[in-house]
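> Sharing a structure here in structure tokens format.
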Amino acid sequence: MSRSRFWIGGIGAGVVLALGLKYHTDIAELSCEEDFQQTGRYGAAIQVSRDLVQRIKDEVGAPGLVVGVSVDGSQVWCEGLGYADLENRVPCGPETVLRIASVSKPLTTAAAARLWEEGKLDLDAPVQKYVPEFPQKQFDGEDVIITPRLILSHLSGIRHYEKDAKKVREDRVKAKQPLKLPGKEEKSLSENKENPKTEDSSTRSKENKQTQKKKEFEQEEYYLKDSFESVIHSLDLFKDDTLVFKPGTTFLYSTHAFTLLSAVVERAAGQRFLDHMMKMFRELGMLNTVPDENDPIIYNRSRFYHFSKKGRIVNCPYVDNSYKWAGGGFLSTVGDLLLFGNALLYSYQVAYLKDGTDLLPGFLKPETAQALWAPVDKTEASWDKDGLYAQGWLVVEKEQKYGQCRSRRHYVSHTGGAVGASSVLLVLPSETAQQPEGLTTALPQGIVVTIITNMQSVGLNSTALKIAQEFDKARG
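Position 470 (the sequence shown) corresponds to 470 in full-length UniProt numbering; numbering is contiguous.
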């Protein structure tokens with residue numbers, strides 16, 4: 001009898017626990033959106049956007065995904081889909097902590113910008129002024145200068161994960177070669193019949209494919225397991241390697257260059273880089289943003305996944321990201337990233353106010369924020385060909401070339417890809433903010449969207465932009 005009671009009591013406790021977990025999860029998912037959903041103002045936008053993220057999740061086979069949206073500085077929707085931990089069936093939610101990968105770069109950029117405002121960092125000084133451990137570089141036998149400003153725009157010439165500089169240069173040339181016209185190709189083939197020693201275009205094409213750059217996630221440095229004691233020690237990975245391009249001449253996206261920037265920030269601040277960043281996060285209210293360290297217990301941390309060669313979802317291997325804190329080494333939540341996006345948007349828009357005397361100052365001065373979001377010549381970005389890289393951000397400028405044709409909106413974003421994670425942070429400023437009459441309402445004005453998933457190699461920028469546009473329509 002006692003055993004039966006115990007068994008029945010156990011079932012009862014289990015049901016209560018399950019209901020409690022469901023209630024807690026439901027409340028967590030609703031907490032960000034309840035005020036706005038009750039009015040129905042953003043209900044349709046949420047419904048469309050939920051379908052968009054569900055589609056991308058299904059298309060790529062991601063175990064879990066979290067999305068967050070704010071409108072005019074207020075968080076109106078955040079929701080988790082799928083699982084943060086497949087093995088233990090832990091659902092994703094707004095509180096899930098994930099790798100944000102290269103979205104770490106805008107965070108580091110903000111830290112450098114604050115130091116510049118305080119007069120502690122000269123963006124145009126040689127990096128050796130702050131980090132003498134980094135050797136003086138040459139390119140084609142000529143001494144060259146690398147500055148923090150060049151690093152921020154990926155114009156430093158420092159390599160990314162591919163170590164073979166010659167291969168990177170050759171791949172860049174091949175990518176820019178124009179397509180051959182069919183007539184010329186036929187002529188080439190006929191010439192080859194007469195001269196069998198001449199290599200035909202199909203053979204060259206096959207060889208080009210065989211010698212193409214490895215997929216980024218096949219690069220060995222992505223999977224480093226070594227722990228680096230400091231950002232200065234991390235420089236040992238690349239500081240003696242030759243430059244791929246002459247600084248200031250050619251865009252080359254480089255996470256290693258941001259590691260050098262972290263050393264510059266550390267010396268300029270007079271404080272360990274991670275300590276300086278944690279201080280900034282507290283100031284911004286980003287209390288869930290931390291370095292991706294393996295030893296500490298980090299509540300709500302997601303597991304990370306990728307596909308095996310057999311096409312099955314498997315756990316990602318252990319990696320140590322201490323070699324790239326600045327460029328791809330932080331963990332965060334969608335809520336924290338929304339806070340950061342709005343802090344930058346607020347700073348950016350203060351300059352457009354008719355009278356901002358009653359407002360608190362932005363985290364950055366308006367001229368600083370505008371400089372960070374100003375496109376830089378000779379740059380590019382892979383996740384939106386319409387844009388140029390600025391300083392720590394991609395910028396797409398407003399443009400409409402023809403009447404009744406495509407009208408392009410101004411927005412800024414950054415994407416990220418890490419072992420077992422993909423991310424995006426996108427800011428769509430209100431168009432009225434830049435009208436000649438200026439802003440007369442509270443700041444910030446615009447949409448901020450962030451999406452993070454625990455699967456690598458997932459492109460999220462276009463989905464984030466569509467979501468931003470849906471909420472912008474609902475905003476009116």
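Cβ coordinates follow ideal geometry from the N, Cα and C atoms, glycine included. If you're wondering where the values come from, they're calculated on a predicted model, not measured in any experiment.
Run through DSSP, which three-state label would Leu65 get?
Strand.
> Taking Ser262 as the reference, which of Pro106, Asp240, Val395 has the closest Cα?
Closest option to Ser262, Cα to Cα, is Pro106.
> What span of residues does the beta strand (DSSP E) with Val76 cover, start to end?
Looking at the DSSP string, the run of the beta strand (DSSP E) that includes Val76 is 74-85.
> Can you grab the Cα-Cα spacing for the pair Leu345 / Cys78, in whole Å?
Whole-angstrom Cα-Cα distance: 19 angstroms.
> In or out: Arg55 buried (at least 16 other Cβ within 10 Å) or exposed?
With fewer than 16 other Cβ atoms within 10 Å, it is exposed.
> Would you mind working out which of Glu293, Ile452, Glu367 sits nearest Ser227, comparing C-alpha positions?
It is Glu293 whose Cα lies nearest to the Cα of Ser227.
> Determine the DSSP secondary structure at Asp472, reduced to helix, strand or coil.
DSSP places Asp472 in helix when its eight states are reduced to three.
> For a test of the three-state rule: what should DSSP assign to Val127, helix, strand or coil?
Looking at Val127 - three-state DSSP - the assignment turns out to be helix.
> Throw me the rounded Cβ distance for the Val231 and Phe273 pair, which I believe falls under 8 angstroms.
Their Cβ separation, rounded to whole angstroms, is 5 angstroms, which keeps Val231 and Phe273 in contact under 8 angstroms.
> Nearest-angstrom Cα distance between Asp275 and Ala110?
One C-alpha to the other measures close to 15 angstroms.
> How is the beta strand (DSSP E) around Phe134 delimited, first residue to last?
Element bounds for Phe134: n/a, residue is neither H nor E.
> Tell me whether Thr255 sits in a helix, a strand or coil according to DSSP, three-state version.
Thr255: helix per DSSP, three-state reduction.
> Quick check on this structure: which residue in Asp320, Asp72, Val103 has the alpha carbon closest to the alpha carbon of Glu229?
Selected option, being the one with the closest Cα: Asp320.
> State the DSSP-derived secondary structure class of Glu399, mapped to helix, strand or coil.
Glu399: strand per DSSP, three-state reduction.
> Would you identify the three-state DSSP class for Glu142, choosing helix, strand or coil?
Three-state DSSP puts Glu142 in a strand.
> Helix or strand or just coil, what does DSSP make of Pro182?
Three-state result, Pro182: helix.
> Use the C-beta contact count for Lys378: other C-beta atoms within 10 angstroms, 16 or more gives buried, fewer gives exposed.
Exposed: under 16 other Cβ atoms inside 10 Å.
> Please report the straight-line C-alpha distance between Gly43 and Gly80, rounded to a whole angstrom.
Near 17 angstroms, if we compare the C-alpha coordinates of Gly80 and Gly43.
> Report the three-state DSSP secondary structure of Phe228 (helix, strand or coil).
DSSP places Phe228 in coil when its eight states are reduced to three.
> How would you call Asp336, buried or exposed, if buried means at least 16 neighbouring beta carbons within 10 angstroms?
Asp336 is buried by the Cβ-count criterion.
> For Ile100, which three-state DSSP category applies?
DSSP places Ile100 in coil when its eight states are reduced to three.
> Using DSSP with H/G/I as helix, E/B as strand and the rest coil, what is Leu428?
Leu428 falls in the strand class under three-state DSSP.
> If you draw a straight line from the C-alpha of Glu142 to the C-alpha of Gly311, how long is it?
If you take the alpha carbons of Glu142 and Gly311, they lie about 48 angstroms apart.
> Which residue marks the beginning of the beta strand (DSSP E) containing Tyr223, and which one marks its end?
Element bounds for Tyr223: n/a, residue is neither H nor E.
> Locate the beta strand (DSSP E) running through Ile451, then write down its first and last residues.
From DSSP, the beta strand (DSSP E) with Ile451 extends over 446-453.
> Taking DSSP as the reference, what is the three-state secondary structure of Ala374?
Reduced to three states, the DSSP call for Ala374 is coil.
> For His154, which option in His256, Gly119, Phe304, Ala101 has the closest C-alpha, if you only look at C-alpha atoms?
Of the listed residues, the one whose Cα sits closest to His154 is His256.
> Three-state secondary structure (DSSP) at Phe245?
Correct three-state label for Phe245: coil.
> Using the Cα positions of Lys401 and Ser407, report the straight-line distance between them to the nearest angstrom.
For Lys401 and Ser407, the distance between alpha carbons rounds to 8 angstroms.
> Can you give the Cα-Cα distance for Thr211 and Gln349, rounded to whole angstroms?
Caution applies to Thr211, whose pLDDT of 36 falls short of 50 and renders its modelled position unreliable; the value that the coordinates give is listed next. The alpha-carbon atoms of Thr211 and Gln349 are separated by roughly 47 angstroms.
> Of all Cβ atoms in chain D, is any one closer than 8 angstroms to the Cβ of Gln271?
Going by chain labels, chain D is absent from the structure shown, which holds only one protein chain.
> Thr463: buried (16+ other C-beta within 10 angstroms of its C-beta) or exposed?
It counts as buried.
> Would you call the segment 61-77 and the segment 444-464 in contact, with 3 or more CB pairs under 8 angstroms?
Cβ pair count under 8 angstroms is three or more, so yes.
> Does the separation of the CB atoms of Trp393 and Val424 fall below 8 angstroms?
Cβ distance not < 8 angstroms, so Trp393 and Val424 don't count as in contact.
> What residues are listed by DSSP as bridge partners for Val71?
Paired residues: Ser74, Ile447.
> Rounded to whole angstroms, what's the CA-CA distance from Asp236 to Glu133? Just pull it up for me.
When rounded, the distance between both Cα atoms is 10 angstroms.
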